[in-house]
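In terms of mature numbering (1 follows the signal peptide of the UniProt record, and there is no 0), the sequence shown is residues -19 to -1, 1 to 545.
Where a beta carbon is used, it is the ideal one built from N, C-alpha and C, also for glycine.
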Amino acid sequence: MKNRVLKTFVSMVSITLLATSCTSPSNPETKNDSNVPNYLNLETNGISAPIVKGDKIKINVAVSKQPTQGDASQIWIWEYFRKFHNIDAKVDQISNPAEYRNITFASGDLPDLILNMGVTNVDIMNYGAKNGLILQVDKYIDKYMPNLSAIFAKNPEYRKQITAPDGHIYGFGQISDPNDETRNAGYFINSKWLKELGMEKPKTLEEFTDMLRAFKKKYPNSIPFNGGYNAYNPTLPILGAYGWITLDPKGLSPSLRNGQVVFPYGDREVYGEYLKTLNTFYKEDLMSHDFFTLDSKKVSANVAGGIAGTFTTAAWQANPAVFMDWDTPEPLTSKYNSKKLWPGRQGYVNNSFWIISAKTKYPELLCKWADFWFSEKGMALAHYGPPAGSKEFDTYGLTQGWVWNKEKNWLEYPEVNNDPGNKYNGQENGYRQQKIMMGTGVNFGDIRDFFGATASLAGINYKREWTPNSLDFRHYYTMAQSQKPYYTEPYPGNVFFSVDDNQKIVDLQSVINAYVESESAKFITGARPLNDGELNKYFDQLDKLGYQKYLSFYVDYYKKFKSS
């Protein structure tokens, strides 16, 4: 009898243990830490202690590389993660991201991590939601990413903006301030010429045109409306003058006008007038007749050489000596639009920078690693590197670090100030691309207060105040004065469609955009008569190509977006 009872008890214990082992937690979001990889330091904030405990872990990384960027072996941030955090990234720098994406996604052979490679939401839906090549990172956020999780808790709309229609998140990007002038589109006019002519900054499209004419008359060899179709395209203020709220100077993206979704090129009411304005600029030699073929070097050279009347970025990037000669005008109005409009930041929360392979052996690590950028200190370190003489952060002999300049209220790098070979052209960003960061700018993580976060590394209580006499910040000063008060919310920047709808959109887009670009160029240059009859034919052909169907996808999406 005793033996029978003992056997029964043992059997019950065995069943209980078996049931327990079969239901052991495997969901990364579970509160039980028993499934946390042994190598991962879950307690660290990502700064004070290594992310990986013990031996280094090798991670295969593909990252885009521009000609201005340094070799990964000479960039501080990669060495910092290898030496301090035991993350040994094997970095493959890719000069042609588009080609790489196409080949890699088609083959299904992804590295552990893809960084800053221009992955789109179409890619995410095709290769993440449909084909399962991209990791569903939302499963790891709450447990392994305390910094990002806290941001989402305070701003639940941020999570929604990067969530695909299937309910999952497939990547991480930046979180920025939509009203931050440092992240927004700028526009600048040659204020030195204005002063020489005794003119005020233009406020209307008519005054802007008169300004360009005055520039051309005073300086016959100049390019008053400076820029090219694919290089520093200068047409954004013209689009705004007609009432379109868009950040796309080509007018190929969904925009808002009078609260309605429209593509500028399909707007029968005013697109013809817009074309007439550019045609006037072209006929009167106010813009280059090579507008559609100009490259960025030529456009910048016009600024550097003192023959440009407008520019779409800080003039010091072309020639530091002329930084005081350029100012931002207020947004233009016209008889078709009486309201001053400048587009606010589009896609200020996105998900395309940090893409993880679904096949990686280290999903927890790669999510924990990404969370480094969502702390203020981590984001600042990753983009600016350590302060000089820091006891907390080693320079590894790759940089001298930075020092704080009280006079200009910002940091500077000794190696930029003492640069006899002019490798960095006197610019901190050029230095950081060569020596500090993995990208080309401050474009990943929580960058809402990257100025203050960086200053705090040196113990500086920073208050952001732009000064008009600073080479680094004059352009921000003029933007804050003249554009920022008129920031207007544009069409959403991070848009998701289903896989089926994406295919329909891509098919329509390729045909429509090709037609629009070809015919608009003809209208502007005079190769096609710019009259009501030809414009009606143009719009009718657009509709035959499927424009109304194409537009309806974005109209329907916007209705859902606004209702949510």
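Can you tell which of the options has its C-alpha closest to the C-alpha of residue i?
| i | options | result |
| --- | --- | --- |
| L116 | S130, R140, S88 and F153 | F153 |
| P18 | Y125, Y496 and G420 | Y125 |
| P159 | D90, W447, G328 and D276 | G328 |
| K37 | L346, I170 and N211 | L346 |
| G221 | S203, T185 and R194 | T185 |
| E515 | Y252, Y443 and L275 | Y252 |
| I150 | K199, M180, T380 and S130 | S130 |
| Q414 | W57, V33, K39 and Y20 | W57 |
| D147 | F196, A110 and L178 | A110 |
| Y535 | A495, R509 and K485 | K485 |
| Y377 | E24, Y246, N22 and F62 | F62 |
| F542 | Y472, A361 and K34 | Y472 |
| L178 | K197, D161 and R164 | K197 |
| L452 | G422, T421, D427 and E393 | E393 |
| residue 546 | D524, V487 and T421 | Outside the displayed span of the chain (-19 to 545) sits residue 546, for which this structure offers no information. |
Based on the DSSP output, what are the partners of residue i in its beta bridges?
| i | result |
| --- | --- |
| W323 | Y468 |
| L21 | V33 |
| D69 | K39 |
| L96 | V44 and W335 |
| residue 576 | Lying outside -19 to 545, the shown extent of the chain, residue 576 is not represented and no answer is given. |
| S315 | N318 |
| V303 | V303 is not bridged to any residue. |
| V330 | I156 |
| M268 | F206 |
| I226 | L237 |
| A212 | G209 |
State the start and end residues of the unbroken beta strand (DSSP E) segment that holds residue i.
| i | result |
| --- | --- |
| E393 | W391 to E393 |
| N171 | F169 to N171 |
| W385 | V384 to N386 |
| L237 | S236 to R238 |
Can you tell me whether residue i is buried or exposed, with buried defined as 16 or more other CB within 10 angstroms of its CB?
| i | result |
| --- | --- |
| S236 | buried |
| F244 | buried |
| E500 | buried |
| Q464 | buried |
| P395 | exposed |
| N102 | buried |
| residue 546 | Since the first residue of the chain shown is -19 and the last is 545, residue 546 is not available in this structure. |
| G113 | exposed |
| Q522 | exposed |
| F304 | buried |
| I75 | buried |
| S533 | exposed |
| A302 | exposed |
| C3 | Note that C3 has pLDDT 35, beneath the 50 cutoff, so the model's placement of it is unreliable and no number is given. |
| T309 | buried |
| N442 | exposed |
| E10 | At E10 the pLDDT is 37, less than 50, meaning the model places this residue with poor confidence; the figure from the coordinates comes in the next sentence. E10 is exposed by the Cβ-count criterion. |
| Q47 | exposed |
| N13 | Residue confidence is low: N13 scores 41 on pLDDT, short of 50, so the model does not pin down where it sits. No coordinate-derived value is stated. |
| P510 | exposed |
Tell me which residue opens and which closes the alpha helix (DSSP H) that residue i is part of.
| i | result |
| --- | --- |
| Q241 | Looking at the DSSP string, Q241 is not in any alpha helix (DSSP H); the run it does join, the beta strand (DSSP E), is Q241 to V243. |
| P127 | P127 to K135 |
| residue 599 | Residue 599 cannot be examined here, being either before or after the span of the chain that is shown, -19 to 545. |
| G514 | D513 to K525 |
| residue 547 | Here the chain comprises residues numbered -19 to 545, so residue 547 is not present and cannot be evaluated. |
| residue 566 | Absent from the structure is residue 566, since the part of the chain shown begins at -19 and ends at 545. |
| K340 | That residue, K340, is in no alpha helix (DSSP H); it is neither H nor E in DSSP. |
| Q532 | The residue you asked about is not Gln; residue 532 is Leu in the sequence shown. Per DSSP, L532 belongs to the alpha helix (DSSP H) from Y528 to S544. |
| S463 | R455 to S463 |
| Y365 | E357 to Y365 |
Should the region 129 to 139 be called in touch with the region 396 to 410, which here means at least 3 C-beta pairs below 8 Å?
Touching, no.
Is it a yes or a no for the region 283 to 291 touching the region 205 to 218, going by three-plus beta-carbon pairs under 8 Å?
With a cut-off of 8 Å, the region 205 to 218 and the region 283 to 291 count as touching, because enough Cβ pairs lie within range.
Please confirm if the region 505 to 514 is in contact with the region 247 to 259, defined as three or more CB-CB distances below 8 Å between the two stretches.
Contact holds: three or more Cβ-Cβ distances are below 8 Å.
Do the region 334 to 342 and the region 318 to 325 make contact, defined as three or more Cβ pairs closer than 8 Å?
In short, these stretches do not touch, since the Cβ pair count stays below three.
Any chance the region 212 to 226 sits against the region 194 to 204, with 3 or more Cβ pairs inside 8 Å?
At 8 Å Cβ cutoff, the stretches do not touch.
Count the CB pairs spanning the region 85 to 93 and the region 449 to 468 that are closer than 8 Å, and state whether there are at least three.
As far as the Cβ criterion goes, the region 85 to 93 does not touch the region 449 to 468, which means the pair count is below three.
Do the region 183 to 197 and the region 304 to 318 meet, that is, are 3 or more Cβ pairs less than 8 Å apart?
Because the criterion of three Cβ pairs below 8 Å is met, the region 183 to 197 and the region 304 to 318 touch.
Would you call the region 348 to 364 and the region 435 to 452 touching, i.e. three or more CB-CB distances under 8 Å?
Short answer: they touch.
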